[in-house]
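Q: Using my numbering, the letters of the sequence shown map in sequence onto residues 4 to 164. Even glycine gets a Cβ: it sits at the ideal position worked out from N, Cα and C. If you're wondering where the values come from, they're calculated on a predicted model, not measured in any experiment.
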Amino acid sequence: MPKRKYEEWDFVARVKAIKKAGLKESASPNREIENKEETVPSLEARLDKIFEITERKETNAGNMLFFVMYDIEDNRVRNLVSKYLVKKGCTRIQKSIFLADLSSEKYEQIRNDLTEVQAAYENLDSILVVPISTDYLKSMKIIGKNISVDVITKSKNTLFF
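(1) Counting Cβ pairs closer than 8 Å, one from the stretch 73 to 83 and one from the stretch 134 to 146, do we hit at least three?
(2) Comparing alpha-carbon positions, which option in F69, D13, K141 lies nearest S106?
(3) May I have the straight-line CA-CA distance separating D13 from I146, to the nearest angstrom?
(4) Once the 5 residues before and after D104 are set aside, which same chain residues still bring their CB inside 6 Å of it?
(5) In the DSSP assignment, what are the bridge partners of F70?
(6) Is R95 helix, strand or coil by DSSP?
(7) Just to confirm my understanding: we take R114, look at its own chain, exclude 5 residues before and 5 after, and list those with CB closer than 8 Å. What are they?
(8) Are T94 and L83 touching if we call contact CB-CB under 9 Å?
(9) If we ignore side chains and look at the alpha-carbon of each, how far apart do E11 and R17 end up?
(10) Just mark S85 as buried or exposed, buried being the case when its beta carbon has 16 or more other beta carbons within 10 Å.
(11) Given a threshold of 16 other Cβ atoms within 10 Å of its Cβ, counted over all protein chains shown, does V89 qualify as buried or as exposed?
(12) What number of angstroms, rounded off, separates the C-alpha of E119 from the C-alpha of S142?
(13) Please classify A123: is it buried, with 16 or more other beta-carbons within 10 angstroms of its beta-carbon, or exposed?
(14) Nearest-angstrom Cα distance between E125 and V71?
(15) Going by DSSP, what residue range makes up the alpha helix (DSSP H) through L117?
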């Protein structure tokens, strides 16, 4: 008997299937939840990606630079959203923050798909899609880890006498 072929579901269809199956309340915030699927690259790797975007000499005129930030309670939906964003070409900056330098069409598609996901089930989640300029990205400051972004971006000048 030949194996049955399964149709590949798109991102929105998967979230709707989860809703149809019955999303349950998230676990208590007091309980430790181990989430091995959401891995974040090292800070240096994330900064390298940001600097690669900001120091590009040639940029596509139709591209948009934007952040996607979310606060999603349900683990399954959150994992689907993060995998979807990575698949679309976004770079993970923090656990729930992605940076993208994509075409306007991809920006609209991501925004529309995330809007559908948000409307697919009853929730108190929030998803922000924020366009930014390269100048704002270049002026970023990092708080917490001892890395001098000014030196790396060559925006700090040093005088020797």
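A: Looking at the coordinates:
(1) Taking 8 Å as the limit for Cβ pairs, the verdict is that the stretch 134 to 146 does not touch the stretch 73 to 83.
(2) Selected option, being the one with the closest Cα: F69.
(3) Within the model, the alpha-carbon separation for D13 versus I146 is close to 37 Å.
(4) I56, N66, L68.
(5) In the DSSP assignment, the residues bridged to F70 are L102, V133.
(6) Strand at R95.
(7) Result list for R114: V132, in chain order.
(8) Not a contact, by the Cβ cut-off of 9 Å.
(9) The C-alpha of E11 lies about 10 Å from the C-alpha of R17.
(10) By the Cβ-count criterion, S85 is buried, with 16 or more other Cβ atoms from all chains shown falling within 10 Å of its own Cβ.
(11) Its Cβ having fewer than 16 others within 10 Å, V89 is exposed.
(12) When rounded, the distance between both Cα atoms is 33 Å.
(13) Burial state of A123 is buried, judged by a 10 Å Cβ sphere holding 16 or more other Cβ atoms.
(14) In this structure, the CA atom of E125 is about 21 Å from the CA atom of V71.
(15) Unbroken alpha helix (DSSP H) run through L117: 107 to 123.
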